[in-house]
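Novice:
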Amino acid sequence: MSKIRARNSAESALKNLQITSTDGKHSIDLVTSVTELCYYESLMLDSICVRLKFADTGSTEGLDGKTLKEVFPLTTTERVDIKLSQEVNGEEIVLGGKNKLTLYVNDYTTLYEDSRKNLIDLELKEHLHQIELQFPLYH
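This is the structure:
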């Protein structure tokens, strides 16, 4: 039987965030570009969802001065490897229970765009195009 530990929400550190194009030809590290990240674990659906915003300015290493959207346009099937961890009583606890959590871009929105900058909002889920179940509160 596994040991269950309850703890309060705490600040987490983003250790790794690698997005890989659908064809597998491009892989970009976005850790330094992330401006906001929200991590959710659903008890009802037994799933993990991450919402993140990142600045796509062309300054990310490996893009040769181009924006992510120029190197590979988002198609909502990209793989994202992410590692979030917390330090609790001197012990590193990795969220998601794995050394690396693999999620997929389920949806994206360009929040701001001009000729050299983009602010992009990504919705990441464990499975490609995971269907959202609706639980009505009233019958």
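Start counting the sequence shown at 4; every next residue gets the next number (this note's numbering).
All C-beta atoms, glycine included, are put in the ideal place defined by N, C-alpha and C.
Going residue by residue through the segment 35-120, where are the continuous alpha helix (DSSP H) segments of at least 4 residues, counting only ones entirely within it?
Specialist: Correct list: 71-74.
Novice: Going by DSSP, which residues form a beta bridge with T25?
Specialist: None, per the DSSP bridge assignment.
Novice: Considering only the alpha carbon of each residue, which of Y115, L114, D67, L104 lies closest to Y43?
Specialist: Closest option to Y43, Cα to Cα, is L104.
Novice: In chain order, what residues of the same chain lie with their CB nearer than 6 Å to the CB of D124, ignoring the 5 residues before and after it?
Specialist: The residues are K56, T112, L114.
Novice: Check whether the Cβ atoms of S24 and E81 lie closer than 8 Å to each other.
Specialist: Yes, the Cβ-Cβ distance between S24 and E81 is below 8 Å.
Novice: Might you give, ordered along the chain, the residues of its own chain that have their beta carbon closer than 6 Å to the beta carbon of C41, omitting 5 neighbours on each side?
Specialist: Counting only Cβ-Cβ distances below 6 Å, and skipping sequence neighbours, we find R54.
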